[in-house]
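These notes concern the structure reproduced below.
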């Protein structure tokens with residue numbers, strides 16, 4: 005275990021990861037740590053936090069782990085110095101002790117959690133200002149004595165030199181150490197937990213964690229807003245997104261284009277904490293700490309019980325780029341009368357539905373004999389409350405009305421069992437609401453009324469690397485020496501809502517997926533379709549289209565073949581654009597056991613060079629480029645040793661079902677594959693391999709998050725799909741013959757593992773290693 009990995013997910017077992025997989029960015033932040041390991045800080049024995057007698061009220065929601073995390077944040081804020089040598093300074097223990105005293109004072113004097121974080125922020129800012137004054141005085145003294153030769157540099161109480169903190173140095177130079185050195189990370193073992201505190205995970209810890217973590221994140225942003233270096237989040241697992249699949253020993257081998265397709269793909273992703281921008285050297289005004297609702301809204305509390313139905317949802321609102329000046333004077337302001345006019349008919353239709361009976365009035369826990377309802381449901385909602393809020397003018401935006409409806413449904417789903425009558429009535433009522441919300445919102449100028457949410461993707465970080473299924477429990481620990489009983493139990497029930505774009509002309513919020521806006525393409529900000537039409541604004545042309553990407557011989561060959569096919573079918577939709585988006589030379593290394601067994605004797609080469617190509621197909625649909633097909637190819641040329649010489653391997657194949665017209669979707673996929681086999685044959689390749697095995701449930705290969713409606717083919721259906729493609733290639737004279745891998749091995753009298761092609765990320769390299777490991781075990785026992 006290396007110290008560079010700050011957090012690890014542990015789940016079940018699976019197969020090892022496959023290299024060269026497409027990488028995705030997961031939503032979970034991680035703790036950045038030093039590549040050379042954590043550096044211990046000197047600390048006196050009496051530096052632990054003294055327990056506070058009063059552990060009731062808001063204080064019970066902040067455990068010792070949270071308090072130690074806050075102390076580390078204070079130290080980072082006061083001393084934003086990435087140099088590990090600073091920890092050798094004897095004054096460092098005094099700084100840590102001082103941070104403890106500051107935190108303990110605020111903890112005992114604050115009346116609530118909001119005041120606790122506000123006092124901490126103000127105190128940190130005051131300390132920072134005092135240090136800045138000391139640094140300025142020493143810089144002035146150093147500049148006055150600059151004419152005299154000297155080899156020493158003055159230091160401030162924190163141990164950083166005046167030269168390092170000189171505000172006249174450009175910001176790029178001040179931040180340069182971050183690119184070459186490890187970021188400052190105070191080790192968690194420098195802050196021992198309270199021996200009297202319970203280290204086990206309790207239900208109360210889980211229920212309050214979202215609110216406390218949101219305040220910690222707000223505290224980080226508050227400190228970063230006035231600090232030279234951003235404060236990084238302390239906690240959060242590192243996520244290795246590696247997809248795997250159960251292999252089926254059925255394949256399709258080809259002579260002159262024999263194929264062996266494998267849908268066992270892997271994806272690795274590592275999420276890093278975002279670095280807040282706009283940090284300045286010296287704060288110029290007091291820090292305005294104001295508690296707001298956290299951006300990460302948890303719609304339901306986490307539960308550790310096996311029958312839990314709770315899900316956590318994170319929402320994101322993306323506004324225009326900070327560099328763009330937005331005039332809000334013309335933004336649409338929704339009056340009480342307008343909201344009533346649009347939403348009262350919808351409310352009446354929902355209210356009069358026969359499934360709305362449990363939702364018409366507020367829930368009475370006493371009358372219904374459900375005393376635990378207030379503990380489970382923190383924000384009750386019902387149709388009568390929604391109507392009262394509309395009539396009282398409490399809603400300022402149409403999305404707030406929809407959020408209230410969805411809060412009512414989520415409360416019912418959370419509290420009631422799936423088999424209960426109320427749960428089923430809630431589901432039917434929700435379907436009615438979703439069908440009626442779109443017309444109402446579109447009439448008000450919005451994109452739609454849907455709530456798009458996506459399941460987060462988690463992968464185990466153990467050596468076996470497997471997918472953590474939805475609603476499955478898993479364990480998280482920080483990568484430091486720790487007892488197993490201190491693992492935190494989590495549940496993979498978090499959904500992430502689609503981000504929103506705010507129109508800079510009218511202020512309406514559109515889903516990012518509906519508005520199809522990217523700041524990289526339109527840096528001037530987002531303008532909705534309604535404003536473009538009513539105000540006569542012309543949208544800047546998108547220069548980043550598929551047709552403007554550079555082409556090569558392969559892409560031109562495939563594109564011509566596909567479009568000629570569509571012309572013969574007299575398809576009136578947009579043309580298909582095909583591009584080779586990546587082409588790089590790589591080398592696959594033989595695994596250790598195979599190398600020790602066969603390479604040293606000269607039976608097998610140590611490595612096999614190949615060229616990796618990524619081919620993607622696009623179609624223009626409603627004026628937008630839509631990528632609907634992806635293909636990853638490994639080409640082993642004449643320079644590659646046997647048995648890989650002059651073979652091609654279809655490593656990854658993936659698609660989404662957006663091609664139009666849909667009746668020709670399969671034909672277009674086949675045209676691309678047959679076209680590539682034709683091109684490979686013309687280039688001198690004599691054998692192709694495809695591993696025909698469908699992906700597992702929830703697995704995504706090239707395309708991140710397939711549409712829910714898209715069905716995954718079973719193994720037999722997928723193999724038949726490839727057979728039809730290969731039969732078409734045989735009719736055209738491109739493929740001489742095709743067979744499964746067992747028949748091919750029998751026909752060619754294969755007797756040694758060295759005669760099986762050795763492809764990067766294929767099924768056989770891992771399987772051969774496992775077989776050799778089993779054969780060596782009796783020898784090791786002897």
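Residue numbers (the numbering used here): 5 to 786.
Glycine included, every Cβ here is placed at the ideal spot set by N, Cα and C.
All figures in this text were calculated on a predicted structure; none of them were measured in a lab.
- Spatial neighbours of residue 511 in its own chain (CB-CB distance under 6 Å, excluding positions within 5 residues in sequence) are listed in chain order as 335, 336.
- CA-CA distance, residue 487 to residue 626, rounds to 57 Å.
- Each of 607, 513, 498 was checked against the Cα of residue 755, and the nearest Cα belongs to 607.
- In the same chain as residue 669, and ignoring 5 residues on each side of it, the C-beta atoms closer than 6 Å to its own belong to 663, in chain order.
- Sixteen is the threshold: since fewer than 16 other Cβ atoms of the shown chains lie within 10 Å of the Cβ of residue 746, the residue is exposed.
- By the neighbour-count definition (other C-beta atoms within 10 Å, threshold 16), residue 703 is a buried residue.
- Counting only residues of its own chain and dropping the five nearest sequence neighbours on each side, residue 733 has a CB closer than 6 Å to the CB of 678, 681, 739.
- Annotated three-state conformation of residue 347 is helix, per DSSP.
- Just so you know, the alpha carbons of residue 350 and residue 423 end up roughly 28 Å apart.
- Residue range 498-501 is occupied by the beta strand (DSSP E) that includes residue 499.
- When the five nearest sequence neighbours on each side are left out, the beta carbons in the same chain lying within less than 8 Å of the beta carbon of residue 477 are those of 308, 493, 494, 495, 496, in order along the chain.
- Straight-line spacing of the CA atoms in residue 113 and residue 363 works out to 43 Å.
- Boundaries of the alpha helix (DSSP H) around residue 537: 533-538.
- Annotation: residue 595 to residue 135 spans about 56 Å, alpha carbon to alpha carbon.
- Here residue 692 is buried. Its C-beta has 16 or more other C-beta atoms within 10 Å.
- The beta carbon of residue 415 is closer than 7 Å to those of 381, 384, 385 in its chain, skipping five residues each way along the sequence.
- Cβ-Cβ distances below 7 Å link residue 558 to 584, 683 in the same chain, with the five nearest sequence neighbours on each side left out; the list follows chain order.
- Residue 515 is bridged by DSSP to 504.
- When Cβ pairs closer than 8 Å are counted between the two stretches, the stretch 565-583 is seen to touch the stretch 607-626, the count reaching three or more.
- Secondary structure within the stretch 737-779: the alpha helix (DSSP H) runs of 4 or more consecutive residues, fully enclosed, are 745-751 (chain order).
- For residue 657, the pairing in a beta bridge is given by DSSP as 635.
- Distances from the alpha-carbon of residue 111 to those of 577, 95, 71, 555 put 71 closest.
- The C-beta separation of residue 628 from residue 520 comes to about 6 Å, placing the pair in contact by the 8 Å criterion.
- When the five nearest sequence neighbours on each side are left out, the beta carbons in the same chain lying within less than 8 Å of the beta carbon of residue 344 are those of 394, 395, in order along the chain.
- Rounded to the nearest whole angstrom, the CA to CA distance from residue 671 to residue 712 is 23 Å.
- Annotation for residue 558: the continuous alpha helix (DSSP H) segment containing it runs 557-572.
- Non-local beta-carbon contacts of residue 549 in its own chain, meaning distances under 6 Å to residues more than five positions away in sequence, involve 629 in chain order.
- The beta carbon of residue 588 lies closer than 6 Å to those of 616 in the same chain, with the five residues before and after it left out.
- The stretch 632-649 makes contact with the stretch 755-768: 3 or more CB pairs, one atom from each, lie closer than 8 Å.
- As DSSP reads the structure, residue 628 sits in a beta bridge with 625.
- In the DSSP assignment, residue 708 falls outside any alpha helix (DSSP H), carrying neither H nor E.
- Residue 613 is bridged by DSSP to 591.
- In this structure, residue 442 places its C-beta atom within 7 Å of the C-beta atom of residue 453.
- Between residue 513 and residue 501, the CB-CB gap reaches or exceeds 7 Å.
- By the neighbour-count definition (other C-beta atoms within 10 Å, threshold 16), residue 675 is a buried residue.
- In this structure, residue 660 places its C-beta atom within 7 Å of the C-beta atom of residue 632.
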